[in-house]
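For reference, the structure discussed in these notes is given below.
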Amino acid sequence: MLHSLGEAYVHGAPVAWAELTGQGAGGHTELPTYAFQRRRYWLEPGERGAGRSGVADDAFWSVVERGDASALAGALGAPDDARLEELVPLLAGWRERHHRQAGLDALRYRTVWEPVEPSDAVPSGVWLLVVPDDAPGGVAERLAARGVETVCVPLAAECGRDELAAVLGEAVAGLPGPLGGVLALPLPDAYASPAHPAVPVPLAATLTLVQALGDAGIDAPLWCATREAVAAGAGDRPSPGQAAVWGLAGAVALEHPERWGGLVDLPARADDRVVAALASVLARGDGEDQLAVRRSGVLARRLRPADPAPATGEWRPRGTVLVTGGTGGIGALVARWLAAEGAGHLVLAGRRGPGAPGAADLADELRETGVGVTLAACDVTDRDAVAALVESIGRDRETHPLTAVVHAAGVLLDGTVDTLTAERTGEVLGPKAAGALHLEEATRGLPLDAFVLFSSIAGTVGAAGQGNYAAANAFLDALAARRRADGLPATSVAWSAWADGGMLDARAAGQLARRGVRPLSGAVALSALAQSVGRGDGAVVVADVDWALFAPSLSATRTLPLLAGIPAAAAPAGAGAEERGGDGASALTSRLRDLGPADRAAALLALVGEQAGAALGYPDASLPDAGRAFKELGFDSLTAVDLRNRLNAVTGLRLPVTLVFDFPTAGDLAAHLDAELFAGDGAAEAADPLLAGVPDSALAALERHRDIDAATDEEMFELLDGMFALLSRELNVP
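Per our numbering, residue 40 is the first one in the sequence shown, and the count goes up by one each step.
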């Protein structure tokens, strides 16, 4: 059928492709670059009405079919005496609006909490209970009463990584039985760190604990308990500092899945019932790793498609709007949109103010539209500076009242969890999290129409190599929820990447798209923003994601129940659990052991290429050039961790997150896998004892190319040096 439709289309026949594919008018399919790239690229038929607009469409066309002219005129906004020829363009406009709305609805997701089956199970083994050093022992005693054996390890707020690793190592060495896991109880929010005021103490302590456990070689699953970190029930008033732990944990789960247990949020008072539920959570063993204990029971976190937006008004800015990061790429887009939508005055705040690149030109451009513009130099990490800025806006309250705040400031400073420091974490949380908190404090008494926080999907689903950034965004989501619990306006939008604003170059955008994340256009994102604020959303994810492509990178080595509510992500998410079993790794090792060195090297190189291509999102799951460095191919911290997780799953090895940096090409990595899988095995030596004296790197080079003409001069010299050394030893030649 597709072939026939294609033939008809190229001969001029109209074909409703959007109806066939279910992708709407804006769908894109990546085509092969060269004719000899033999892969299928036909569009697959999709479900009709995939844009979630079916109910509205059915109601409208029911009116048309009934011939109810009055109802039809009302739906179209037409006068009662409109003639048929006048209705036709109105019909076209209606359909265009509804298709546009369906596209926006398809980008929206929300976090929900669903009850899980209760359990009376008790976790096995001895559990390390990491507790604040001055906390009462109530939880440990109640766990013991439930039959959980624990050994307490006190954690001081300022405890260093090395010190804690030593303490943990000693505790494990003295355990009376096998280690079942590690449970970290929450630190009170009242703790403060003068050295790093932008980093909440619960976050800093959790980061130190994760690093120290790794340093001490403790592989038991770590469960982190938080206190009122999430809005899981009616009336919950979450703590942003505790919520930051949830953001960091998403990165830990991706970077260290083998030693991650999960998150469990507790209410303010941990009574017997709460502790009983906590014990059952630790014993579940079903993959649920984001849970909350409330009076109603145990709840699991899910990300689900949001309900279609109701036909309510969109946010129309007025008066003065304060935009932080207002002269940056995305901030400038927001400023232009605010000006076009009705704002009378814009205060664009940034660390450099009028001295920021392009700030003066942007201000001139905006003023030409009739909007007043103030360029303000303000470091949002400085509480007093933010308060002074808000106060200065308030002096002109009569003519330009402050009606809205849009917090778009933020920086990226990527790094794996093992390499993060309090300083690097603070550099990211300062402008984003602390800045938002300072704005919230300074404007709390003002009658704002909107308080908008630009968050990121990284804080919701996690992001390997971006633990600090994910923590900052989880902080924002909780801050918005807390404001709404207090009866104040707040909307936190967790965006996926924007295509506009200069944040992504073509290469980065292409890589994201191959992984299933299509960058949002600024126009679409801002339309979604207007609707989210207008409908009173507290927290919403706005992302253009192909979950069938994206979900596997999040669930390569562990299930991800968070995505169970998204049908397209559910199937890939379940695959990770199967891969974690040892059968696949054992079968791979058995197959490789039967091969000679050259064939085994070729097989491992193909394996690395396949997994690396999948991590990068290449359609045929293979590298375009296995000889190039991973960094040149576009690997970043996220894709590096994804590759590591994939290789761990299929080989059964415990490879480091620095894999692509330690072994910069596919050939280097394949040689390392060979050495790790068959170290001390004797297979290589038995297969070809004459090569026993040749350096592994030289053999790897030869095995990689399998063609002596393809070896570099350096590789050939290394090979010859090894061969001469071998001959000298065998012939006893000095």
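Ideal Cβ placement from N, Cα and C applies to all residues, glycine included. All figures in this text were calculated on a predicted structure; none of them were measured in a lab.
Self-check item: Nearest neighbour of leucine 287, chosen from Gly272, Gln281, Asn507 [CA to CA]
Solution: Asn507
Quiz item: Whole-angstrom Cβ separation of valine 362 and valine 445, contact assumed at under 8 Å?
Solution: 5 Å
Quiz item: Any chance the region 564-579 sits against the region 514-531, with 3 or more Cβ pairs inside 8 Å?
Solution: yes
Quiz item: Which residues share a DSSP beta bridge with proline 505?
Solution: Per the sequence presented here, residue 505 reads as glutamine, with proline not at that position. According to DSSP, which records beta bridges pairwise, glutamine 505 is partnered with Gly454.
Quiz prompt | Beta-bridge pairing of aspartate 159 - partner residues as DSSP gives them | solution = According to DSSP, aspartate 159 bridges with nothing at all.
Quiz item: Would leucine 559 pass as a contact of serine 531 if the rule is Cβ separation under 8 Å?
Solution: no
Practice problem: List in chain order: all unbroken beta strand (DSSP E) runs of 3+ residues lying wholly within the region 311-398. | Solution: 329-333, 336-344, 359-363, 384-389
Self-check item: At least three beta-carbon pairs within less than 8 Å, the region 582-595 to the region 521-535
Solution: yes
Exercise. Let me know the alpha helix (DSSP H) ranges lying completely inside the region 174-199, each 4 residues or longer, listed in chain order.
Key: 177-184
Quiz prompt | Which of helix, strand or coil DSSP assigns to proline 636 | solution = helix
Self-check item: alanine 399 to serine 566 span [Cα, whole Å]
Solution: 26 Å
Self-check item: Whole-Å CB distance - leucine 342 paired with leucine 602, under 8 Å assumed
Solution: 6 Å
Quiz item: Do you know how far the Cα of histidine 295 is from the Cα of leucine 568?
Solution: 35 Å
Quiz prompt | Identified DSSP bridge partners for glutamate 153 | solution = Ala339
Exercise. Give the range of the beta strand (DSSP E) segment to which phenylalanine 700 is assigned.
Key: Careful: phenylalanine 700 lies outside any beta strand (DSSP E), inside the alpha helix (DSSP H) at 698-701.
Exercise. List the whole-angstrom C-beta distance separating leucine 115 from leucine 130, where the pair is believed to meet the contact cut-off of C-beta under 8 Å.
Key: 7 Å
Practice problem: Would you identify the three-state DSSP class for histidine 477, choosing helix, strand or coil? | Solution: helix
Quiz item: Nearest to aspartate 346 by CA position, among Leu143, Phe717, Glu209, Pro241, is which residue?
Solution: Leu143
Quiz prompt | Cβ shell of valine 680 (< 8 Å), same chain only, five flanking positions each side left out | solution = Leu293, Glu294, Thr455, Ala503, Gly504, Val696
Quiz item: Which of the three DSSP states, helix, strand or coil, is assigned to alanine 626?
Solution: helix
Practice problem: Tell me whether leucine 593 is buried or exposed, calling it buried when 16 or more other Cβ atoms sit within 10 Å of its Cβ. | Solution: buried
Quiz item: Using the rule of at least 16 other Cβ atoms within 10 Å of the residue's Cβ for burial, across every protein chain shown, is threonine 72 buried or exposed?
Solution: Residue placement at threonine 72 is poorly supported in this model, since its pLDDT is 44, which falls under 50; the coordinates are not used for a value here.
Quiz prompt | Minimum C-alpha distance to alanine 251 - residue among Arg434, Gly186, His439, Asp201 | solution = Asp201
Self-check item: Segment limits, alpha helix (DSSP H) that includes tryptophan 537
Solution: Here tryptophan 537 belongs to no alpha helix (DSSP H), and DSSP marks it neither H nor E.
Quiz prompt | Range covered by the alpha helix (DSSP H) that runs through proline 241 | solution = 240-254
Quiz item: Which residues share a DSSP beta bridge with tyrosine 794?
Solution: Residue 794 cannot be examined here, being either before or after the span of the chain that is shown, 40 to 773.
Exercise. Check the C-beta distance from arginine 357 over to alanine 307 and give it rounded, since I have them as a contact under 8 Å.
Key: With 8 Å as the limit, arginine 357 and alanine 307 do not qualify as a contact, their Cβ atoms being about 39 Å apart.
Quiz item: Would a C-beta distance cut-off of 8 Å place serine 319 and serine 163 closer than the cut-off?
Solution: no
Quiz item: From alanine 331 to glutamate 380, what does the alpha carbon distance come to, in whole angstroms?
Solution: 40 Å
Quiz prompt | For serine 232, three-class secondary structure by DSSP | solution = coil
Quiz prompt | From Ala195, Trp285, Glu327, Glu180, residue whose alpha carbon lies closest to that of leucine 599 | solution = Glu327
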